[in-house]
Every structure is written in C-alpha cells, then in structure tokens.
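Report on one structure; see the data block that follows.
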Amino acid sequence: MEQTPAAPQDIFAALRTEVLACLRRILPELPEEALSRVAVEPPRDAAHGDMSTNAAMVVAKAAKLPPPKIAAPLAQALAELPMVAEAAPAGPGFVNLRLTETFLLGQVPLVLGAGEDYGTSPAGQGVRVDVEYVSANPTGPMHVGHCRGAVVGDALANLLAKAGYEVTKEYYVNDAGAQVQALAYAAYWRYLQALGTPLTEEEYAASTPNGLQYRGEYLIPVGEALKAQHGEALAPGARPADPSLWLDTVREFAVARMMDEIRGDLAALGVEHDVFISEAALVKAGVADRAIAELAAKGFVYEGVLEPPKGKLPDDWEPRPQTLFASTRFGDDVDRPLRKSDGSNTYFANDIGNHADKIARGFDELVQVWGADHGGYVSRMKAAVAALSGEKPVGFEVVLTQIVKVMKGGEPVRMSKRAGTYITLRDLIDEVGRDAVRFTMLTRKSDAQMDFDLDKVVEQSRDNPVFYVQYAHARCRSVLRQAGDPAAVELTGVPLDMLRDPAELALIRRMATWPRTVEAAAAAREPHRIAFYLHDLAADFHILWNRGRDDATLRFIRAEEPEATRARLALVAATAVVIRSGLRVMGVAPVEEMR
RNA sequence: GCGCCCUUAGCUCAACUGGACAGAGCAACCGGCUUCUACCCGGUUGGUUGGGGGUUCGAAUCCCUCAGGGCGCGCCA
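Here numbering that gives the first Met the number 0 is used: position 306 in the first sequence is 305, and no number is missing along the way.
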C-alpha cells in the first residue's frame with residue numbers, strides 16, 4: 000500500500016511548486032529564470048481567497064503575452080489540483096485560489112505532529128552564519144543601550160537557526176585599547192581605596208593618563224578583590240606605583256570581572272553566546288597583523304594623508320601621513336586609518352583581524368548587530384570583508400538598532416553616566432521582567448527608534464502586545480487543563496470537519512502562514528516580524544474566544560457535543576503550539592496562566 | 001559640509017522586500033457586557049504614505065530632489 004506523502008508544512012511553498020509546474024506545461028518555452036519572481040501568498044484582502052499568485056504578471060514579458068492570457072489557462076490548470084476548491088483570474092493578472100476545507104483542516108494535525116518544530120524550515124540550507132551581537136566593552140555593567148542589540152541579535156540568531164541556517168552566536172570582547180586601559184586605572188583607584196590610600200580622588204585622577212574615566216561604584220568590589228589577592232604588592236604604602244608593576248595584572252583582573260558581570264547580565268536576559276572572542280587574544284596571536292599584511296599583499300594598504308573632514312574640524316587636526324586601507328575601492332567614502340600615531344592598531348585594524356578570523360573559521364555569512372552610533376562604521380567593515388574574501392565572497396550584513404528612549408509615566412527618564420543615573424539592564428529586568436523586556440524590544444523594526452514605556456509594558460490590557468500574546472497562550476492552556484490536558488496523539492484523529500465557524504477557519508489560515516513568516520523574517524533579518532505575527536495570531540484566537548462568550552454553541556468545551564469539543568481542543572492545542580514556537584524564537588517563556 | 005537611518009490615520013506602529021481597495025491597537029463616535037478563572041466585547045469614522053518629479057502593467061516600497069527628525073564624521077571602542 001502506498002503511503003500518502005507527508006503534507007507539506009508550508010502550504011504556500013507547496014502551492015508555488017504546483018503553480019510553477021502548471022506554468023511550465025502551459026508555456027513550455029518559458030526560460031527558467033522568468034519563474035524566479037513568481038510568488039504565492041495569502042492576499043491582503045481575505046475576500047480574494049486563501050492564496051494568490053502573481054505568476055501571470057511576472058512572466059508576461061518573457062512569454063510575450065498579456066497577463067490575462069496566461070492567468071486564464073493557469074487558473075484552469077490550478078483548479079484541477081485536489082487541494083484547490085476554486086481558482087479564478089482576477090484584477091490585472093492575479094490568480095486567486097480558494098483551498099478546500101479538508102486541506103486547510105489538515106494543517107491542524109500537521110501542527111500537532113510537528114509540535115514546536117512546526118515552522119522549522121530548511122530554507123537556509125545549512126549556510127554557516129555568524130551573528131555577532133552585544134559586544135559591549137568590558138568596562139562596566141550592561142545598560143539599556145546594550146539591551147536592544149542583545150535581544151534583537153539573540154532573536155535573529157534563533158530565527159536564522161529555525162529557518163535552517165547553521166548559526167553561531169558570537170560576542171567580540173573589546174579588551175584591548177584605551178577603554179580597558181582606563182578601566183584598569185579606575186580599578187586601581189578602587190584598589191588604593193581598599194588599601195586606605197591617603198590620596199583624594201582628584202589627586203589620583205590628576206596623575207592618571209586620561210583622568211579617571213570610570214567612577215562607578217561597581218568597581219569597589221573589584222578593588223576589594225584585588226586587595227584580597229595581592230595585598231599591598233601592587234601599591235606599596237597604598238600609593239600609586241609605577242604602572243609597569245601592576246597595569247597588566249589589574250587590567251586583566253578587571254576585564255575578567257567585568258565580563259563575569261556582563262555574562263551575568265546576559266544570563267538574566269536569557270542570552271547565551273556560543274563563543275566569546277577576545278580582541279587582545281587575537282592581537283596577541285598576530286591575527287590582526289596577518290590580516291593587514293594580507294590586505295597589503297593584495298595592494299589595498301598604503302601610506303597617505305587624509306583630507307580633513309568638511310565642516311567643523313577637531314581642535315588638534317593636522318595633516319599627517321598614516322597607514323591607510325583603501326576602502327574606497329570597495330565603495331567606502333574615504334580610506335580608513337589602520338594605525339594610530341603611536342604605531343598601535345586602530346580599533347578598525349583589530350576588527351579587521353576579528354573578521355579575518357571569522358572568514359578563516361569558514362562562515363558563509365557574517366551578520367553584525369550594532370547600535371545606531373556605529374552606522375558610520377558599516378561601509379568600511381563591509382569593504383574590509385570584501386577585500387579579505389577569496390574566491391567565494393563572504394556575505395557581510397549589519398543590522399543597526401536605533402536608540403531606545405526609556406519612558407516613565409509618559410516622560411523620558413533622564414540618563415547621565417556622569418551623574419550615575421543611567422539605567423542598567425538589571426534595573427530594567429528587575430522592574431518589568433525579562434520576558435516583557437525581550438518581547439517589547441521586538442515590537443519595533445530595529446531601524447526605527449523606540450520608546451520603552453516602563454508602565455505600559457507591564458500593563459494588563461489589550462494594547463500591550465506582551466500581555467495580549469501571553470494571555471492568548473494562557474487561555475489556550477486554561478482550556479486544555481479543563482479538558483484534562485489531552486495528549487497530541489489523542490487530538491490528531493478527531494473529526495476536524497466539525498470546525499466550520501469562520502473564526503475557526505481564520506485561525507487555521509493564520510497558523511498555516513507561520514512557516515513562511517519564519518522564512519521571510521529570516522531572509523529579511525527582521526525578528527520583529529515574529530512579534531507581530533504572534534500578535535495577529537493571538538488576535539484571531541481572542542476573537543474566537545469572545546465569540547464563545549456571546550454564543551454558547553461556539554465554546555471550546557461543550558459537554559453535549561463531545562466530537563466538536565475534541566476538534567476544538569485540537570485547534571486550541573495547535574494554537575498554543577504555534578505561540579510557543581514563536582515565543583521560543585523570541586526567547587520569551589510562555590506562561591500557563593496570568594497572575 | 002558629507003554619509004547612514006527615519007518620516008504612513010489625531011497618537012503608537014504594521015504592511016510578507018514591487019502587487020489588488022495601505023492594515024492593527026489606542027483615541028473619537030454608536031451599541032453591548034452575571035464572563036468555558038481571567039483585568040472587557042462588537043461596530044463605525046478616520047489616509048494625496050512629509051512635498052515634488054521619475055522608472056513600469058503596478059510604488060509606502062526602487063531612483064532623483066526638497067523639507068523635517070535622529071546617529072555619526074583621522075590617533076574612542
């Protein structure tokens with residue numbers, strides 16, 4: 000006996016295959032590349048049917064036929080398919096399809112069978128992609144500014160993994176350069192304090208290279224720990240010793256402590272990176288210098304003098320010969336310096352090493368999640384990756400996350416690093432909870448600015464998407480608990496044709512678009528679409544629930560209709576599965592009930 | 001001055017990367033509400049997609065231009 004082939008998860012992809020087959024039959028002469036733009040999508044206006052294809056329009060030119068002349072026979076051919084109830088040409092050349100109810104209802108056992116893997120797609124074809132995100136300087140605890148990038152990067156990595164990419168989550172630790180040097184001096188100050196130094200803060204600051212840049216109290220325990228470990232060895236008499244005695248030790252110690260702190264912050268947010276790459280380690284291993292030598296060998300490095308920037312000049316501007324990377328050869332506006340005047344590498348030079356290292360590790364795609372203040376850095380890095388790529392170009396993409404303005408009671412919360420009033424990531428999580436933080440950070444596309452309203456995100460109302468989606472899941476679970484939590488297998492053989500209400504079918508249609516939502520969001524590198532999808536799905540479910548309020552015959556559990564009840568429980572269970580599947584991508588825990 | 005991002009209903013935002021009549025939630029207006037535990041429900045109104053030009057069967061989406069907002073602009077990372 001022949002087994003029926005497993006129903007496709009993505010019914011739109013399946014339909015597209017059929018559409019292409021029909022087209023090839025109707026127009027055998029059609030070149031293959033003309034088919035690439037053929038799309039099969041749910042139409043925006045549901046009145047047009049379940050599916051719509053632009054096929055006739057996009058191949059019209061290649062076929063040298065007006066779209067309607069193609070749409071008509073295409074519709075006829077598609078109408079023959081078993082899952083199609085009706086196919087009709089429409090508008091300027093669309094073909095609209097209505098699917099049979101049997102086919103639509105078949106999605107429910109499909110979802111239940113796949114569980115939370117529903118929507119997992121092979122579209123990424125195992126392409127190896129590295130997603131680098133957060134990469135906050137190890138100079139202090141994470142604050143809200145880092146938070147959006149952390150959430151967007153993590154969700155994007157999850158999304159790509161679900162869409163069939165082989166993903167590595169990466170954190171690039173900027174533990175070389177002036178910032179961590181300044182950190183070391185600040186930690187040293189706290190160490191002196193722990194030893195009971197006679198110096199005032201001002202006296203000490205005056206003696207450090209760049210003043211005392213980090214004054215936060217979070218370094219006090221670091222000073223204590225240094226004392227516990229080294230006693231007075233690094234500062235005899237609690238007075239500053241020559242930096243050669245302590246600088247490396249203190250810097251490494253402080254960086255390690257800050258990274259512990261940051262890892263703790265990330266864990267509180269539910270973010271876990273696969274790899275942490277240390278800038279200092281890469282430099283020490285000569286990776287950056289080798290990468291620059293490689294660029295030099297290709298003829299992209301030269302000594303030159305940059306034009307001064309237009310407009311207001313920096314105070315100390317003077318023309319100076321520098322080691323430059325010819326990034327303009329790859330579309331950048333100006334060539335970029337690789338060495339500082341003291342001969343050490345610029346941040347850019349080391350980051351070239353970082354990217355060379357990734358390329359050497361064999362990634363096909365490099366994705367960077369950066370804050371908007373790094374926007375001006377994109378084209379030079381893109382140029383560097385292009386220049387470093389060999390035969391096979393390595394993809395390089397940057398997702399920029401715009402600023403988050405924290406609001407409280409409709410007013411922006413003022414933040415000042417100097418006054419110590421900036422909000423840490425921990426503050427944020429403590430105040431509204433990890434899941435609300437994560438969900439909310441994904442309720443805007445990342446290249447738009449966002450207001451994060453501390454009051455709104457914990458509000459239990461319809462206009463809070465966090466609540467709205469969680470509430471839908473809690474309602475699903477509530478219904479299932481009442482029914483004694485039937486297992487998925489008990490729900491797969493039920494008479495689904497009892498589901499006839501338009502709201503029930505609308506919910507199934509929505510669930511059927513989950514796989515293609517995953518693929519489209521992954522392809523666009525836009526994890527926020529998952530949040531919006533879940534909101535739509537939740538809305539479809541709430542509508543159905545509310546119909547049960549007015550019309551008792553539409554309630555999920557009906558003692559007098561055991562068959563309909565089982566069918567509806569299957570629908571509810573499937574809804575919960577899809578919500579969980581989506582929340583998992585977002586890194587948000589589904590709730591069983593609302594408190 | 002230059003570069004990048006943004007501008008969509010009164011407000012906050014979507015729009016599946018070029019598809020049909022641009023959609024949600026608030027707000028406003030009209031009506032309903034002893035609820036399968038659940039902090040409401042249904043409906044109506046609301047748009048020259050910042051302005052102008054272009055590309056094509058078709059534009060919020062691509063190109064040019066102007067205006068407004070944000071971010072950045074050699075030895076910070």
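Every residue gets a Cβ at the ideal spot worked out from N, C-alpha and C, and that includes glycine.
request  = Starting from the N-terminal side, write out each stretch of the alpha helix (DSSP H) that is 4 residues or longer and does not extend beyond the region 235-319.
outcome  = You should have 242-268, 278-283, 286-296.
Same chain only: Cβ atoms within 7 Å of ASP350, ignoring 5 sequence neighbours per side = Around ASP350: MET380.
message = Buried or exposed for GLU306, going by 16 or more other Cβ atoms inside 10 Å?
response = Here GLU306 is exposed: its Cβ has fewer than 16 other Cβ atoms, across all protein chains shown, within 10 Å.
inquiry  = Suppose you measure from the CA of PHE633 to the CA of ARG515; what does that come to, to the nearest Å?
reply    = The question about residue 633 has no answer here: the residues shown for the chain are numbered 0 through 594.
ask   = Going by DSSP, which residues form a beta bridge with ARG97?
value = Per DSSP, the beta bridge partners of ARG97 are GLU85.
task = Examine the Cβ distances between the region 451-459 and the region 423-440 and report whether three or more of them are shorter than 8 Å.
result = With the cut-off at 8 Å, the region 451-459 and the region 423-440 touch.
task = Pick helix, strand or coil for LYS381, following the three-state DSSP scheme.
result = Here LYS381 sits in helix by DSSP.
ask   = What's the gap between the Cα of SER378 and the Cα of GLY394?
value = Rounded to the nearest angstrom, the gap between the Cα atoms of SER378 and GLY394 is 13 Å.
task = Closer than 7 Å by C-beta to GLN192: which residues in its own chain qualify, once you throw out the five before and the five after it? Chain order, please.
result = Apart from the 5 residues on each side of it in sequence, GLN192 sits with its Cβ closer than 7 Å to the Cβ of GLY222 in its chain, given in chain order.
query = Which residue's Cα is closest to the Cα of ALA371: PRO485, LEU399, SER388?
reply = Residue LEU399 holds the alpha-carbon nearest to the alpha-carbon of ALA371 among PRO485, LEU399, SER388.
key: Among ASP462, LEU211, LEU194, PRO88, nearest to HIS229 - alpha-carbon criterion   = For HIS229, the nearest C-alpha among the options comes from LEU194.
message = Less than 7 Å between the C-beta atoms of THR99 and ALA76, yes or no?
response = Taking 7 Å as the Cβ cut-off, THR99 and ALA76 do not qualify as a contacting pair.
query = Can we say the region 137-146 touches the region 312-325, given the rule of at least three CB pairs closer than 8 Å?
reply = Too few Cβ pairs lie closer than 8 Å, so no.
inquiry  = Quick check on the DSSP output: what are the complete alpha helix (DSSP H) runs of length 4 or more inside the region 41-74, in order along the chain?
reply    = Those alpha helix (DSSP H) runs which fall completely within the region 41-74 and span 4+ residues are 54-62.
key: Cβ pair GLY48, ARG15 closer than 7 Å   = In this structure, ARG15 does not lie closer than 7 Å to GLY48 by Cβ.
task = Can you tell me which of ALA86, PRO526, LEU490 puts its alpha carbon nearest to the alpha carbon of VAL576?
result = The residue with the shortest Cα to Cα distance from VAL576 is LEU490.
Length-filtered (4 minimum) alpha helix (DSSP H) runs lying within the region 419-476 = Taken in chain order, the whole alpha helix (DSSP H) runs of length 4 or more contained in the region 419-476 are 424-431, 433-440.
request  = Give the range of the alpha helix (DSSP H) segment to which LYS161 is assigned.
outcome  = Secondary structure note for LYS161: its alpha helix (DSSP H) is the uninterrupted segment 143-161.
ask   = How far does the beta strand (DSSP E) with ASP129 in it reach, from first residue to last?
value = ASP129 -> beta strand (DSSP E) spans 127-131.
ask   = Can LEU244 and ILE291 be called in contact, C-beta distance under 7 Å?
value = LEU244 places its beta carbon 7 Å or farther from that of ILE291.
task = Output the distance between the C-alpha atoms of GLU518 and ILE402, rounded to the nearest integer angstrom.
result = Their backbone Cα atoms lie some 27 Å apart in a straight line.
key: Spatially closest choice to LEU570 from ARG262, ARG36, MET510, by CA coordinates   = Nearest of ARG262, ARG36, MET510 to LEU570, Cα basis: MET510.
message = So, with DSSP's three-state summary, where would you put VAL587?
response = VAL587: coil per DSSP, three-state reduction.
query = Got a sec, what are the start and stop residues for the alpha helix (DSSP H) TYR532 sits in?
reply = Note, TYR532: alpha helix (DSSP H), 527-549.
query = Can you name the start and end residues of the alpha helix (DSSP H) that VAL517 belongs to?
reply = 513-523 is the span of the alpha helix (DSSP H), which, as asked, contains VAL517.
query = Run through DSSP, which three-state label would THR16 get?
reply = The answer is helix: DSSP assigns THR16 an H, G or I state.
task = Could you check the C-alpha separation between GLU216 and ASP363 for me, to the nearest Å?
result = Per the coordinates, the alpha-carbon of GLU216 lies some 43 Å from the alpha-carbon of ASP363.
inquiry  = Is the beta carbon of LEU495 closer than 7 Å to that of ASP539?
reply    = In this structure, ASP539 sits away from LEU495, with a CB-CB distance that is not shorter than 7 Å.
Which of helix, strand or coil DSSP assigns to ASN344 = Correct three-state label for ASN344: strand.
ask   = According to DSSP, what are the bridge partners of PRO336?
value = In DSSP, PRO336 forms a bridge with LEU323.
task = Measure the CB-CB distance between LEU568 and ALA482 and report whether it falls below 7 Å.
result = Between LEU568 and ALA482, the CB-CB gap stays under 7 Å.
request  = Answer with buried or exposed for TRP316, where buried requires no fewer than 16 other C-beta atoms within 10 angstroms of its C-beta.
outcome  = Per the 10 Å Cβ criterion, exposed.
query = What three-state label does DSSP hand LEU34 in the structure shown?
reply = Residue state for LEU34 is assigned as helix, using DSSP reduced to three classes.
query = Excluding the five sequence neighbours on either side, which residues of its own chain have a C-beta within less than 6 Å of the C-beta of TYR184, listed in chain order?
reply = These residues qualify, in order along the chain: THR207.
key: Identified DSSP bridge partners for MET406   = Answer is PRO411, ASP452, bridged to MET406.
request  = For my contact list, VAL37 and LEU19 are in at a C-beta cut-off of 8 Å; report their separation, rounded to the angstrom.
outcome  = That belief holds up - the Cβ atoms of VAL37 and LEU19 are roughly 6 Å apart, short of 8 Å.
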